[in-house]
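Residue numbers (the working numbering): 1 to 55.
Beta carbons are placed, not taken as given, at the ideal position from N, Cα and C, and that holds for glycine.
Since the structure is predicted, the reported quantities are computational estimates derived from the model, not experimental observations.
Here is the structure we will look at.
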């Protein structure tokens, strides 16, 4: 969910003109802009779970 919100905001900032039809849309950048926040959030969650004390 976080990656979807952050990715959307970043895409609007980075490629807003292309998304609004005023420029060329780069699909590689579009996909990477969603993938990076997803990877960061997943890495953080997994790291926390691996380091958290077991109950």
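**Prompt:** Looking at C-beta atoms only, is the number of pairs between the stretch 2-14 and the stretch 30-44 that lie closer than 8 Å three or more?
**Reply:** yes
**Asked** Sorted by chain position, which residues of the same chain lie with C-beta nearer than 8 Å to residue 14's C-beta, five sequence neighbours on each side aside?
**Response** 29, 33
**Asked** Who are the near neighbours of residue 41 in its chain, counting only those whose CB is closer than 8 Å to its CB and skipping five residues on each side?
**Response** 2, 3
**Item:** As assigned by DSSP and simplified to three states, the class of residue 26
**Value:** coil
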